[in-house]
Amino acid sequence: TGSLTVGELAGKLHKEPSEIIKKLFMLGVMATINQDLDKDSIELIAGEYGVEVEEVIVFDVTEFEGYATEDQEDQLQIRPPVVTIMGHVDHGKTTLLDSIRNTKVTAGEAGGITQHIGAYQVVVNNKKITFLDTPGHAAFTTMRARGAQVTDITILVVAADDGVMPQTVEAISHAKAAEVPIIVAVNKMDKESANPDRVMQELTEYGLVSEAWGGDTIFVPLSALSGDGIDELLEMILLVSEVEEWKANPNRAATGTVIEAQLDKGRGSVATLLVQNGTLRVGDSIVVGNTFGRVRAMVNDLGRRVKEVGPSTPVEITGLSDVPQAGDQFMVFTDEKKARQVGEARASKQLDEQRKEGAKLSLDDLFEQI
Ligand code: GTP
Ligand code: MG
């Protein structure tokens, strides 16, 4: 049962545990600081201090995972596709997105290397598409894996002058593991050394056979630099989306995934979330991984403050009590108290696990020394 120990109750009442133990003694209960108290004792002690116990919390952490109830078919509406750009380092992923968005993110990157997941939304033919940019550098495997897990479509960027390289292969395996359709963007077609046939040839080894060669993988030759072929790529994305009809229910509490998060000196915990279902609003009580809070402010990918965002939208939020981890799931609770309970329960569960792991480690260390 989810009772409190004497120590925990003392903490909640802002009293010394010794004082609580004394009170319990007066009431005929012998207790130690780590002893679990039953509901009656808790109510009795709280009553002594004029505190009303609203509810003795019997809380099951698994409730968080089970909270994501199935939506009914008639509640679902078409949502924008989430498209993740993957591929080997320097094959032109960020340039491609810059070109699509008409921005110059690449120019601002240290050494021209992407080191995080960038999340953006663009409107093409009145239809929104959400893009995630991932790093191609070998060091960022987990980010690529994460990107593949939240996406609907993977755009595999392969430079036509370089061909299939190690992180091209890695990206294919992430997309396959996540069972996500792949569209191949054969980039840098403006280069004289471009050899798209070689790319097509090399990719057949990984089961990606172009439609021109009797397979079912879409290949789009393009130049991220000149812009040639980009309209065709966007058309293909919309075509695949029309066939797949990805849907979500905007009329429910939001759920989704943390894209990235960090501690900001001025703003505290700042997290970029991808809303995958429901609508997220300023003021919502939210559990994010092992932390929680209320959404204080939301900023979209254009740096503008927004009050609410629907499915497939990336948004930066502040207001969390701690910094969550990229890849963490989040969930809005209609009840702030519930959010706090779930957040605290998850945090303490995590602490427990860390302690257990620590214990295991030191035991192993011990054996090693023997
Ligand atoms: P990482 O994020 O570090 O994996 O790299 P990236 O895949 O995002 O590559 P990025 O867009 O930073 O481009 C790498 C280099 O290739 C830059 O110098 C780009 O200008 C250049 N480049 C990208 N696309 C093209 C293209 O279509 N043609 C030519 N000629 N150069 C390109
Ligand atoms: Mg990049």
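Residue numbers (our numbering): 1023 to 1392. The C-beta atom is built at its ideal place from N, Cα and C for all residues, glycine as well. Keep in mind it's a predicted model, so treat the numbers as computed, not measured.
Taking non-hydrogen atoms of the ligand GTP into account, the C-beta of A1246 is found less than 7 Å away from one of them. Closest in alpha carbon position to D1306, among N1299, V1321, A1293 and E1330, is E1330. For the ligand MG, the residues with a Cβ under 7 Å from any of its heavy atoms are, in chain order, K1115, T1116, T1128, E1131, I1135, T1136, D1155, P1157 and G1158. For R1316, there is no enclosing alpha helix (DSSP H); the residue is part of the beta strand (DSSP E) that begins and ends at T1313 to V1321. Under the Cβ criterion (8 Å, minimum of three pairs), the stretch 1195-1203 does not count as touching the stretch 1241-1253. Under the three-state reduction of DSSP, E1330 is assigned to strand. Per DSSP, reduced to three states, the secondary structure at S1215 is coil, with no helix or strand assignment. The three-state secondary structure of T1116, taken from DSSP, is helix. As the crow flies, the alpha-carbon of I1281 is around 25 Å from that of M1258. CA-CA distance, P1102 to G1169, rounds to 16 Å.
For the pair A1319 and R1326, the CB atoms are not nearer than the 8 Å cut-off. Boundaries of the beta strand (DSSP E) harbouring L1178: I1175 to A1181, taken from the DSSP string. In this chain, the beta strand (DSSP E) harbouring S1291 covers G1290 to N1299. The count of Cβ pairs closer than 8 Å, one atom from the stretch 1171-1182 and one from the stretch 1204-1222, reaches three, so the stretches are in contact. Take P1272, set aside five residues on each side of it, and the residues of its chain with a beta-carbon closer than 7 Å to its own are Q1099, G1300, T1301, G1332 and P1333, in chain order. In this structure, L1154 sits near A1141, with a CB-CB distance shorter than 8 Å. Shown here for F1355: same chain residues with a beta carbon closer than 6 Å to its own, the five before and five after excluded, namely S1307 and A1361 in chain order. At a Cβ-Cβ threshold of 8 Å, T1279 and V1172 count as neighbours.
Boundaries of the alpha helix (DSSP H) harbouring I1067: K1061 to E1070, taken from the DSSP string.
The beta-carbon distance between L1260 and N1147, rounded to whole angstroms, is 7 Å. This is short enough to meet the 8 Å contact definition. When beta bridges are read from the DSSP output, I1204 appears opposite T1176. Taking C-beta separations shorter than 6 Å and ignoring five residues to either side along the sequence, the partners of S1263 in its chain run P1103, following chain order. In this structure, H1113 has its CB closer than 7 Å to one or more heavy atoms of the ligand GTP.
Secondary structure at V1280: strand, using DSSP grouped into helix, strand and coil. Short of 6 Å from the beta carbon of G1311, and not among the five residues preceding or following it, lie these beta carbons of its own chain, in chain order: P1346, Q1347 and D1350. When DSSP states are grouped into helix, strand and coil, D1374 belongs to the helix group.
The residue among A1053, A1197 and K1150 with its C-alpha nearest the C-alpha of T1164 is A1197.
If you check the C-beta of D1212 against the ligand GTP, you find a heavy atom less than 7 Å away.
Membership of L1260 in the alpha helix (DSSP H) is indicated by the continuous run I1252 to E1266. Of the residues assessed, T1226 falls on the exposed side of the cut-off, its CB having fewer than 16 other CB atoms within 10 angstroms.
Taking a contact as a CB-CB distance under 8 Å, the pair V1105 and D1174 counts as one, their CB atoms being some 7 Å apart.
Counting only the Cα atoms, G1288 lies some 40 Å from S1195. When DSSP reads this structure, D1058 sits in a beta bridge with T1027. Rounded to the nearest whole angstrom, the CA to CA distance from Y1071 to L1046 is 13 Å.
Spanning the alpha carbons of K1037 and K1061 requires a straight line of approximately 19 Å.
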